[in-house]
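Below: one structure, written as structure tokens.
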Amino acid sequence: MTESTHPLVVAIDGPAGSGKSSVSRAVARRLGYGYLDTGAAYRALAWFVRDRAIDPADTDAVIGALPSFDYAIGTDPDDPAVSVGAVDVTEAIREPAVSAIVSAVARVPAVRAHLTALFRSIAAGVDRPGIVVEGRDITTVVAPEAEVRILLTASEQARMARRSAEISTQSAQTVADQLRSRDRADSQVVEFMSAADGVNTVDSTHLDFEQTIGAVIEVINTRTARTSHD
Ligand SMILES: Nc1ncnc2c1ncn2[C@@H]1O[C@H](COP(=O)(O)OP(=O)(O)O)[C@@H](O)[C@H]1O
Ligand SMILES: Nc1ccn([C@@H]2O[C@H](COP(=O)(O)OP(=O)(O)O)[C@@H](O)[C@H]2O)c(=O)n1
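Every letter in the sequence shown is one number past the one before it in the UniProt record's numbering, and letter 120, counting from 1, is 120.
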């Protein structure tokens, strides 16, 4: 048997506030893997479009911006810095103004194809034994052949409560309304509310953060043990 040369891919999808970023990052850190937040790229493109005063609903203009979208992201789970050209946008892409337009940019098929190619190339080039890649379509489109594929879910109530605990500049009601409408818009483009064939579901509604990390690592251990005996 020949040793695999590509990094082991752990693909994690789920709705907003399910814990994808925080849990994936913690899992990557514990396993010594790289970490790729794909939502950051869609957010950075939305930031870029806004910065250039492009109407996010103008599909042709958004596609026209792609060649000059100079995006970079770190795959170190301790420093997943995001930049566009020379600008560090790590914080700016989390602003509500960016969240409000990101789904409009993400629904454009040419944008998805462009970023999917970028994600595959970043994942293949990581200098670690594995990489945790998280988003909405990783288990189904970006890395359907990944060794480990997980849908991370939590009840709507738990997700809204977690997200509103993080955001102090908006009321809990506003955060919940925006999250719900973003999930609705995103679900029209990709399926991330139910697990595709072969995808393991981890429901964190009644798990705390540490237990969720444990549940994800357990799936990874089970799947990789199975793969190595195939
Ligand atoms: N199992 C859990 N129990 C409680 N809080 C959690 C759990 N998982 C994640 N969180 C918290 O919920 C918030 C949203 O998580 P995040 O990773 O940003 O979600 P996503 O990337 O899916 O939008 C974060 O503050 C995170 O620390
Ligand atoms: N693989 C992905 C990841 C994100 N996205 C888009 O990018 C947005 C931001 O993703 P995110 O992961 O930062 O969102 P949160 O769930 O963390 O709020 C989503 O609302 C989707 O519109 C996507 O379309 N496909």
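Don't be surprised by glycine CBs; every beta carbon is placed ideally from N, CA and C.
Whole angstroms is fine: what's the gap from Arg184's alpha carbon to Ser21's? Residue mapping note: residue 184 aligns to position 184 of the sequence shown, counting from 1. Residue mapping note: residue 21 aligns to position 21 of the sequence shown, counting from 1. Whole-angstrom Cα-Cα distance: 20 angstroms.
Worksheet item: So Ser164 and Ala176 are in contact, right, with Cβ under 8 angstroms, and what is the actual spacing, rounded?
Response: Numbered from 1 along the sequence shown, position 164 holds the residue referred to as residue 164. Numbered from 1 along the sequence shown, position 176 holds the residue referred to as residue 176. Correct: roughly 7 angstroms between the Cβ atoms.
- Message: Check whether the region 139-157 and the region 66-76 are in contact - that is, three or more C-beta pairs closer than 8 angstroms.
- Response: The region 66-76 and the region 139-157 do not touch, with fewer than three beta-carbon pairs separated by less than 8 angstroms.
Sequence-distant residues of the same chain with beta carbon closer than 6 angstroms to Val199, five excluded per side = As a first step, residue 199 must be located in the sequence shown, where it is residue number 199. Only Thr139, Arg149, Leu151 meet the Cβ criterion.
If you pair each beta-carbon of the region 16-32 with each one of the region 56-68, do three or more pairs fall below 8 angstroms? Because the criterion of three Cβ pairs below 8 angstroms is not met, the region 16-32 and the region 56-68 do not touch.
Cβ-based neighbour list, Ile167, same chain, cut-off 7 angstroms, excluding 5 preceding and 5 following
For the purposes of this step, residue 167 is taken as the residue at position 167 of the sequence shown. Here Ile167 has Val175 as same chain residues with Cβ atoms under 7 angstroms from its own Cβ, once five neighbours each way along the sequence are excluded.
Legend entry - Residue from Phe192, Trp47, Ile213 whose Cα sits closest to the Cα of Val142: Residue numbering aside, residue 142 sits at position 142 when the sequence shown is read from its first letter. Closest option to Val142, judged by alpha-carbon separation, among Phe192, Trp47, Ile213: Phe192.
Using the Cα positions of Ser171 and Ser103, report the straight-line distance between them to the nearest angstrom. Within the sequence shown, residue 171 is the residue found at index 171, counting from 1. Within the sequence shown, residue 103 is the residue found at index 103, counting from 1. Answer to the nearest angstrom: the Cα atoms are 21 angstroms apart.
Next item on the list: Rounded to whole angstroms, what's the CA-CA distance from Thr212 to Arg223? Just pull it up for me.
Entry: Your numbering for residue 212 matches position 212 in the sequence shown. Your numbering for residue 223 matches position 223 in the sequence shown. Spanning the two alpha carbons is a distance of roughly 17 angstroms.
Query raised in the report: Given Ala26, which residues of its chain have a CB within under 6 angstroms of its CB, disregarding the five upstream and five downstream residues?
Result: Taking the sequence shown and counting its residues from 1, the one referred to as residue 26 is at position 26. Once the five neighbours on either side are set aside, the close Cβ partners of Ala26 are Ile213.
Practice item. Any chance you could list the residues with Cβ under 6 angstroms from a heavy atom of ligand 1, keeping chain order? Key: Checking every Cβ against the heavy atoms of ligand 1 under 6 angstroms gives Gly14, Ala16, Gly17, Ser18, Gly19, Lys20, Ser21, Ser22, Val23, Arg162, Arg163, Glu166, Ser204, Leu207, Asp208, Phe209, Thr212.
Starting from the N-terminal side, write out each stretch of the alpha helix (DSSP H) that is 4 residues or longer and does not extend beyond the region 84-167. If we require 4 residues or more, the alpha helix (DSSP H) runs fully inside the region 84-167 come out as 96-106, 109-124, 156-166.
Sequence-distant residues of the same chain with beta carbon closer than 6 angstroms to Ala81, five excluded per side
On the sequence shown, residue 81 is found 81 positions in, with the first residue counted as 1. Within its own chain, the residues whose Cβ lies closer than 6 angstroms to the Cβ of Ala81, once the five positions on either side in sequence are excluded, are Gly74, Thr90, listed in chain order.
Would Leu179 and Val111 be called neighbours here (beta carbons separated by less than 8 angstroms)? For this step, residue 179 is matched to residue 179 along the sequence shown. For this step, residue 111 is matched to residue 111 along the sequence shown. At a Cβ-Cβ threshold of 8 angstroms, Leu179 and Val111 do not count as neighbours.
Return the first residue and the last residue of the beta strand (DSSP E) that Thr201 is part of.
Start at 1 with the first residue of the sequence shown, and residue 201 comes out as number 201. In the DSSP assignment, Thr201 falls within the unbroken beta strand (DSSP E) covering 200-203.
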